[in-house]
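Rendered as structure tokens:
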């Protein structure tokens with residue numbers, strides 16, 4: 001017996017929670033500076049460049065497909081919606097054009113948990129449950145866009161509500177609102193700009209550098225925030241998910257919002273649900289409200305980005321994102337006839353996909369890549 | 001409930017899982033004491049049967065809770081402490097088996113076994129006490145993450161295994177009454193299984209994941 005010689009691996013000593021908390025705050029500041037750099041870069045490039053880039057986006061469907069594709073490419077709706085906020089703040093695209101893009105980002109972000117569900121393909125029953133959980137999110141978000149995009153195009157109800165709400169913050173200041181963090185963000189951005197000016201004095205060159213640096217900072221800081229917050233609040237996530245098992249929908253939605261706000265990523269929340277549902281620990285219908293909560297929780301990132309900008313238009317588009325997701329829940333979920341339509345559609349698709357696994361891959365690739373690419377090519 | 005998200009708890013979810021496994025061992029000791037108490041003069045009774053069944057069901061429920069909690073933990077942690085989760089998924093079965101074999105002791109009473117007035121009652125009782133204490137010690141050692149104490153306890157329990165084996169063989173070769181021989185063979189067999197499963201729980205503190213469960217084999221078969 002040589003048990004002493006081979007002891008189990010000791011867990012790695014991690015960063016102390018207080019230090020990790022400070023690190024997250026620093027990353028959050030870096031994220032806000034990144035947003036400001038991005039919009040400064042876009043402004044610096046001038047309207048000639050950006051007008052060409054977003055020429056076709058005035059068509060709502062092109063904007064929708066662009067939102068889907070951009071989110072699929074960066075695998076994060078937080079990054080894509082933050083970029084959209086930056087574009088709106090810079091005046092590159094109007095709020096009206098940005099709305100379908102934001103809706104597209106909502107659809108695009110669901111690819112992550114759909115991809116996670118494909119890993120369960122070996123066990124048919126587990127796969128059915130996992131794929132149902134993933135695609136009910138797809139169907140809900142598609143349904144939300146199918147209902148709310150036409151309503152928005154005809155009535156402008158979402159943008160009006162968001163404009164009114166943003167106006168409450170802006171007060172008499174019109175184009176800008178008093179952001180509590182704008183001053184601190186401007187200070188950091190100013191220092192980065194100074195450094196860039198020492199590299200190049202060419203206005204277009206420094207604007208391009210600001211744009212690239214801003215995007216890189218947004219991407220990097222968001223992924224690090226997500227990673228660190230996930231570690232920091234893991235025990236809380238476990239406890240709250242445990243509380244949400246078999247509880248009311250309201251509890252599920254609240255838990256979904258809380259987890260997503262904490263980790264700054266709806267994909268993390270919805271991807272955690274996949275193995276839980278696949279293994280039968282969580283029922284599909286119990287996971288459903290948590291997924292909807294994640295849709296609402298993820299809107300916090302764009303709201304934070306708008307805080308960095310301090311522009312009313314940026315706040316308006318961030319609020320549109322939040323109102324859209326809340327409205328979708330209020331339209332679909334309270335009514336028994338509509339509530340489970342996304343789940344039923346997902347269950348039907350999962351039955352077929354479990355028999356023909358290639359169909360699951362075709363659906364994922366078709367919905368999130370082929371359809372938006374073809375749509376953009378045909379319509380723009 | 002939802003506000004659990006904002007509350008700081010003294011125990012992490014993994015510590016709660018460990019406490020549940022230790023609790024399963026302590027509950028098993030309750031089943032063991034009740035069942036063996038009936039075997040040593042207590043006899044069959046509705047109360048004893050009810051107590052054994054109720055505690056065994058509680059152990060089974062705890063096993064399900066641990067499995068569910070481990071699945072939740074692994075999903076949230078994205079496999080960052082996969083080895084611990086897999087080890088606990090394995091030993092929770094051992095903890096449940098300790099309860100099961102303790103419950104089986106009560107089956108001997110149902111078949112008419114009674115050791116109270118037996119000639120070898122002292123020898124039988126000594127082994128009962130050693131195993132009963134082993135279960136409690138294992139629960140405390142597991143709860144306290146004490147690898148050195150676990151190692152000492154494994155060494156001690158390893159000695160019990162050989163003794164139980166020898167006693168089973170002795171019962172087989174006994175020339176006494178068949179029912180008494182069978183009762184003793186099964187008694188020592190159950191004690192051996194309980195000891196082995198307790199050792200499996202303890203091995204999680206001292207050996208790597210792939211070496212769990214190899215303490216109930218013949219000494220020459222062990223690495």
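Residue numbers (this note's numbering), protein chains in the order written: chain G, 1 to 380; chain A, 1 to 223.
Note that beta-carbon positions come from the ideal geometry of N, C-alpha and C, so glycine has one too.
Predicted model, so just to flag it, every value in this text is computed and none were measured.
Residues of the stretch 73 to 86 of chain A whose Cβ lies closer than 9 Å to any Cβ of chain G, in chain order: 73, 74, 75, 76, 77, 78, 80, 81, 83 and 84.
Three or more Cβ pairs closer than 8 Å define a contact, and the stretch 90 to 108 of chain A meets that threshold against the stretch 55 to 71 of chain A.
In the displayed model, residue 336(G) falls within a helix according to three-state DSSP.
Within the stretch 194 to 216 of chain A, those residues whose Cβ lies closer than 9 Å to any Cβ of chain G are, in chain order, 203, 204, 205, 206, 207, 208, 209, 211 and 215. Contact between residue 72(A) and residue 238(G) holds, with the beta-carbon distance rounding to 6 Å and staying under 8 Å.
Judged by DSSP in its simplified three-state form, residue 184(G) adopts helix.
If the five residues before and after residue 86(A) are omitted, its C-beta is found closer than 8 Å to the C-beta atoms of 209, all from its own chain and listed in chain order. Straight-line spacing of the CA atoms in residue 192(A) and residue 180(A) works out to 18 Å. In the three-state reduction of the DSSP assignment, residue 318(G) falls in the helix class.
Close partners of residue 20(A) in chain G (Cβ separation under 7 Å) are lacking, with about 13 Å as the shortest Cβ gap.
Residue 247(G) sits in coil when the DSSP states are folded into three classes, being neither helix nor strand. Residues of chain A with a Cβ closer than 7 Å to the Cβ of residue 237(G) are, in chain order, 76. By the Cβ-count criterion, residue 365(G) is exposed, with fewer than 16 other Cβ atoms from all chains shown falling within 10 Å of its own Cβ. Sequence-ordered contacts of the stretch 256 to 284 of chain G with chain A read 258, 272, 275, 276, 279 and 281 [C-beta pairs closer than 7 Å]. For the stretch 201 to 235 of chain G, the set of positions with a beta-carbon nearer than 7 Å to some beta-carbon of chain A reads 234 and 235 in chain order. Here residue 17(G) is exposed: its Cβ has fewer than 16 other Cβ atoms, across all protein chains shown, within 10 Å. By the criterion of at least three beta-carbon pairs nearer than 8 Å, the stretch 10 to 27 of chain A is in contact with the stretch 126 to 140 of chain A. For the 8 Å CB-CB criterion, residue 112(G) and residue 267(G) form a contact. Against residue 242(G), the close residues of chain A are 4, 13, 68, 69 and 72, in the order they occur along the chain (beta-carbon pairs closer than 9 Å). The beta carbon of residue 92(A) sits closer than 7 Å to those of 21, 63, 66 and 67, all from its chain and outside the five residues before and after it, given in chain order. With fewer than 16 other CB atoms across the displayed protein chains lying within 10 angstroms of its CB, residue 157(G) is exposed. Of the candidates 199(A), 15(A) and 108(A), 108(A) places its Cα closest to the Cα of residue 185(A). Between residue 307(G) and residue 24(G), the beta carbon gap of about 16 Å keeps them out of contact (Cβ cut-off 8 Å). Judged by DSSP in its simplified three-state form, residue 350(G) adopts helix. Counting the other CB atoms within 10 Å of its CB gives residue 373(G) a total below 16, which places it among the exposed residues. Between the stretch 212 to 223 of chain G and the stretch 245 to 262 of chain G there are fewer than three C-beta pairs closer than 8 Å, too few to call the two in contact. Taken atom to atom, the span from the alpha-carbon of residue 172(A) to that of residue 166(A) is near 10 Å.
With distances taken between CA atoms, residue 12(A) lies nearest to 233(G) out of 233(G), 102(G), 362(G) and 331(G). Short of 8 Å from the beta carbon of residue 153(G), and not among the five residues preceding or following it, lie these beta carbons of its own chain, in chain order: 60.
Take residue 86(G), set aside five residues on each side of it, and the residues of its chain with a beta-carbon closer than 6 Å to its own are 35, 38 and 39, in chain order.
Exclusion of the five residues before and after residue 21(G) leaves 232 as the residues of its chain whose Cβ lies within less than 7 Å of its Cβ. A buried status is given to residue 251(G), since no fewer than 16 other beta-carbon atoms sit within 10 Å of its beta-carbon. Burial state of residue 178(G) is exposed, judged by a 10 Å Cβ sphere holding fewer than 16 other Cβ atoms.
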